[in-house]
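K.L.:
Have a look at this one.
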Amino acid sequence: MAVRENMNVMDELARAEEVNAQLRTQRNDRWYPGFHIAAPAGWINDPNGISFFGGRYHVFYQHNPYAAHHANMHWGHVSSTDMVTWRHEPIALAPSLEADLDGVYSGSALEHEGKLYAFYTGHRWFGEEIGSRQVQYLAISEDGITFEKRGVIIDTPEGIQDFRDPKVWKMGETWYMVVAAESLERRGQVWLYTSQNLTDWEYQEILFEDPDPGVFMLECPDFFPLGEHWVLLYGPMGTTPTGYTNRNAHNSGYVVGNWTPGQPFEPLTEYRMLDWGHNFYAPQTFEAPDGRRIVYAWMGHFVSPIPPQLTDGWSGQLTFPRELTLTPDLRVASRRIAELAQLRTETIDVGPLELGAYEDRVILPDGDLLEFELEVDLAHTTAERFGLRVHATPDGAHTLVGYDRTGQHVFIDRRLTGNGDRGCRAAPVNDALRLRVLVDRGSVEVFANDGEEALSSFSFPNEGKCSVTICSEAGTTAVGTLRIHRLRSIWDRDDGGASPPEV
Ligand code: FRU
Numbered sequence: 241m242a243v244r245e246n247m248n249v250m251d252e253l254a255r256a257e258e259v260n261a262q263l264r265t266q267r268n269d270r271w272y273p274g275f276h277i278a279a280p281a282g283w284i285n286d287p288n289g290i291s292f293f294g295g296r297y298h299v300f301y302q303h304n305p306y307a308a309h310h311a312n313m314h315w316g317h318v319s320s321t322d323m324v325t326w327r328h329e330p331i332a333l334a335p336s337l338e339a340d341l342d343g344v345y346s347g348s349a350l351e352h353e354g355k356l357y358a359f360y361t362g363h364r365w366f367g368e369e370i371g372s373r374q375v376q377y378l379a380i381s382e383d384g385i386t387f388e389k390r391g392v393i394i395d396t397p398e399g400i401q402d403f404r405d406p407k408v409w410k411m412g413e414t415w416y417m418v419v420a421a422e423s424l425e426r427r428g429q430v431w432l433y434t435s436q437n438l439t440d441w442e443y444q445e446i447l448f449e450d451p452d453p454g455v456f457m458l459e460c461p462d463f464f465p466l467g468e469h470w471v472l473l474y475g476p477m478g479t480t481p482t483g484y485t486n487r488n489a490h491n492s493g494y495v496v497g498n499w500t501p502g503q504p505f506e507p508l509t510e511y512r513m514l515d516w517g518h519n520f521y522a523p524q525t526f527e528a529p530d531g532r533r534i535v536y537a538w539m540g541h542f543v544s545p546i547p548p549q550l551t552d553g554w555s556g557q558l559t560f561p562r563e564l565t566l567t568p569d570l571r572v573a574s575r576r577i578a579e580l581a582q583l584r585t586e587t588i589d590v591g592p593l594e595l596g597a598y599e600d601r602v603i604l605p606d607g608d609l610l611e612f613e614l615e616v617d618l619a620h621t622t623a624e625r626f627g628l629r630v631h632a633t634p635d636g637a638h639t640l641v642g643y644d645r646t647g648q649h650v651f652i653d654r655r656l657t658g659n660g661d662r663g664c665r666a667a668p669v670n671d672a673l674r675l676r677v678l679v680d681r682g683s684v685e686v687f688a689n690d691g692e693e694a695l696s697s698f699s700f701p702n703e704g705k706c707s708v709t710i711c712s713e714a715g716t717t718a719v720g721t722l723r724i725h726r727l728r729s730i731w732d733r734d735d736g737g738a739s740p741p742e743v
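For the sequence shown, this note's numbering gives the first residue as 241, with consecutive numbering after it.
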């Protein structure tokens, strides 16, 4: 039986690679990222199994190798020695068994006794009337590339349909797992399991239930220590937007609390957004060998209007990796990892400068992979709003990234963005204004005050050269620092993932 299943897996993987390589030849690169992880072609969603194994960083991801929409989920795979230069690896996991035939869903991975253990959700879908069946599955790899599926480790609890996204970690001699579950009362819960050997798992307790009775699922839970506390990160489904919180169809946030194994989790904070942009979901963290807590998230969405990439043969990317820290007032700050500096090819120092009221000044005539550092002296600034028009094309289309002093928030405004969804997103920020902005061909990420708040959104420019302008509205702006860094691609063959991996 095992041999037959493995044969099927090999067939499935080979078929997926073949179709994906074909799709890649048709890829339109106008918005394909240069310094963000994306599938060579097809669809990508959640980051999975982020780990350090065999001297390399591994990022797996939810992947449909056959088309640029969500279906037929596999685990795609990239690896790196330094977290900035990546190579595509062969697709790691494909649906092949009774339990995962409708999708190898999200999960995590860790090293144990020289092997990489991957935990994922096997998904079955039996139609609207019957619904789904989801189980937790184990697959093991000797080399970090090829996996052998080992069987169901946690079966579906009686009556439960939505039960997914295992995140596993070790403390002392015990392994712990959090899994998202929709309870029989339709409440969003995170369940805790423990194991002494990684194959036999014991249910412990409901670690957390969302206090909002409208919330029915907490997708992709992650639970980890940060500073003196513990952070529970999740994607609540069924929320109602309030202000700029939870405005997207899919949102990610966290609560900070105290936890000791064997004791209940005691939240100390309310739910708060980890990122306030349009496209940030399913974040997953891992502990790097040097102890940093690093997060990757998916930039994309499931809802229509469908991202324009659908016509381009690919869809979705991951955020640039971010290091998480806890602020004294128990907020989770995220800043892009320091390694990004290794991607810089040129630095242009533009500041300091003084902008007049309604002044628009071009600071870069052309560029696609960019990092900006902007520091504004608020004490000497009278402007109501100031910011950078990025992805600005000669026809006037652009995305405005800036600070609204009156409303006290940092924003990404896509009202005039060339393509795709529009709308504005904002994060509360009330003083000491420093912005770091990452601009790729189809995305913008903004970090305010050293990562105190972050926003990530798609931004699909119109055709033509993309310039960048700095602007000041209804008053003057005193810019202290303005630095532009041109960045190189993250792909080690510098081919944007164009050459197929050796299978
Ligand atoms: C979140 C999610 C997960 C699931 C996966 C399926 O984006 O819905 O809950 O495991 O995506 O692709």
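Glycine is no exception: its CB is placed at the ideal position from the N, C-alpha and C atoms. If you're wondering where the values come from, they're calculated on a predicted model, not measured in any experiment.
Could I get the ranges of all uninterrupted beta strand (DSSP E) runs contained in the region 494–579, with 3 residues as the minimum, in chain order?
P.N.:
Scanning the region 494–579 from its first residue to its last, the whole beta strand (DSSP E) runs of 3-plus residues come out as 521–527, 533–539, 562–566, 572–576.
K.L.:
What is the DSSP secondary structure of E258, reduced to helix, strand or coil?
P.N.:
In the three-state scheme derived from DSSP, where H, G and I count as helix and E and B as strand, E258 is classed as helix.
K.L.:
Closer than 8 Å is the cut-off here; do at least three beta carbon pairs connect the region 645–656 with the region 305–312?
P.N.:
no
K.L.:
Going straight from the alpha carbon of L628 to that of G642, what length do you get?
P.N.:
For L628 and G642, the distance between alpha carbons rounds to 6 Å.
K.L.:
What is the DSSP secondary structure of R723, counted as helix, strand or coil?
P.N.:
strand
K.L.:
Count the C-beta pairs between the region 447–456 and the region 481–489 that are closer than 8 Å, then say yes if the count reaches three, no if not.
P.N.:
no
K.L.:
Do the region 575–590 and the region 335–355 touch if we need at least three Cβ pairs shorter than 8 Å?
P.N.:
no
K.L.:
Taking 8 Å as the threshold (C-beta atoms), are D680 and L618 in contact?
P.N.:
no
K.L.:
Quick one, are the C-beta atoms of G282 and P305 less than 8 Å apart?
P.N.:
yes
K.L.:
Can you tell me whether A522 sits near the ligand FRU, meaning its C-beta is under 7 Å from at least one heavy atom of the ligand?
P.N.:
yes
K.L.:
DSSP on D635, reduced to helix/strand/coil?
P.N.:
Correct three-state label for D635: coil.
K.L.:
So, does the CB of L350 fall closer than 8 Å to a CB anywhere in chain C?
P.N.:
No chain C is present in this structure, which holds just one protein chain.
K.L.:
Which residues does DSSP pair with T414 in a beta bridge?
P.N.:
M411
K.L.:
Check the DSSP bridge columns for Y301 and list the partner residues they point to.
P.N.:
P287, G316
K.L.:
Is the beta carbon of F300 less than 8 Å from the beta carbon of G316?
P.N.:
yes
K.L.:
Once you ignore the five residues that flank Q582 on each side, which residues in its own chain have a CB closer than 6 Å to its CB?
P.N.:
Correct list, in chain order: V324.
K.L.:
At which residues does the beta strand (DSSP E) containing P481 begin and terminate?
P.N.:
Taken as a continuous stretch (DSSP letters only), P481 belongs to no beta strand (DSSP E), as it is neither H nor E.
K.L.:
Evaluate N498 with the Cβ neighbour count: other Cβ atoms within 10 Å of its Cβ, from every protein chain shown; 16 or more gives buried, anything less gives exposed.
P.N.:
Counting every other CB atom within 10 Å of its CB across the protein chains shown gives N498 a total below 16, marking it as exposed.
K.L.:
Going straight from the alpha carbon of I394 to that of L675, what length do you get?
P.N.:
45 Å
K.L.:
Let me check you understand the geometry: is the CB of S346 closer than 7 Å to at least one non-hydrogen atom of the ligand FRU?
P.N.:
yes
K.L.:
Find out if the Cβ-Cβ distance for the pair A278, W516 is shorter than 8 Å.
P.N.:
no
K.L.:
Determine the DSSP secondary structure at D251, reduced to helix, strand or coil.
P.N.:
helix
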